[in-house]
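Quick notes on the structure that follows.
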Amino acid sequence: MIILARLIFGEARNQSKEAMTGVGWVIKNRLRAKRSYFGYSYHEIILKNDHRYYQFSSFNPADPNYPVLIDPFNAADETTSKAWFEAYDVAESITADISKDPTEGATFFHSSDLSQEQFLIESVPGAIFTKRIGNILFYKDPNDA
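Under UniProt numbering, the first residue of the sequence shown carries the number 1, and numbering increases by one thereafter.
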């Protein structure tokens, strides 16, 4: 569960609890999909890489989120510490099957810093947009259409 909390924290700590929950559910939806290209455990899915980059950018050492992701308790501000505990609570509710999926089955997401067009061209051609929560856009795998 710690690895899921780290992912949620690294990717969505400045977002609402619903958006954080959505990010966590993307991982759970990938786990439920049982596809080799996603992985078969939370750990495998979150740490999947192509020998250059991790699937989720906050795990890449060059990413500006990486230092805080590695040591969330070394944050200089109280807001970041609170976000860590919220991410942990969200991860716990997802793994314990307490929370509901707010993403409508999404297996991909990106922040609004990246355009939908760019995401669909560069990352997942054919992905199906499901929902926007805060600054995060969610998509289903095109194989689920």
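Yeah, the Cβ is synthetic: ideal placement off N, Cα and C, and Gly gets one too.
Treat the numbers as computed from the prediction; the structure is a model and nothing was measured.
- As a beta-bridge residue in DSSP terms, S111 pairs with I136.
- Under the three-state reduction of DSSP, K28 is assigned to helix.
- For Y54, the pairing in a beta bridge is given by DSSP as N49.
- For G24, the CB contacts under 7 Å within the same chain, skipping 5 residues up- and downstream, are L4, I8, V90, A91, I94 in chain order.
- Under a 10 Å Cβ-count criterion, G10 is classified as buried, with 16 or more other Cβ atoms of the shown protein chains found around its own Cβ.
- In the three-state DSSP reduction, F129 falls in the strand class (E or B).
- When C-alpha distances from N65 are compared across N49, K34, F109, N14, the shortest belongs to N14.
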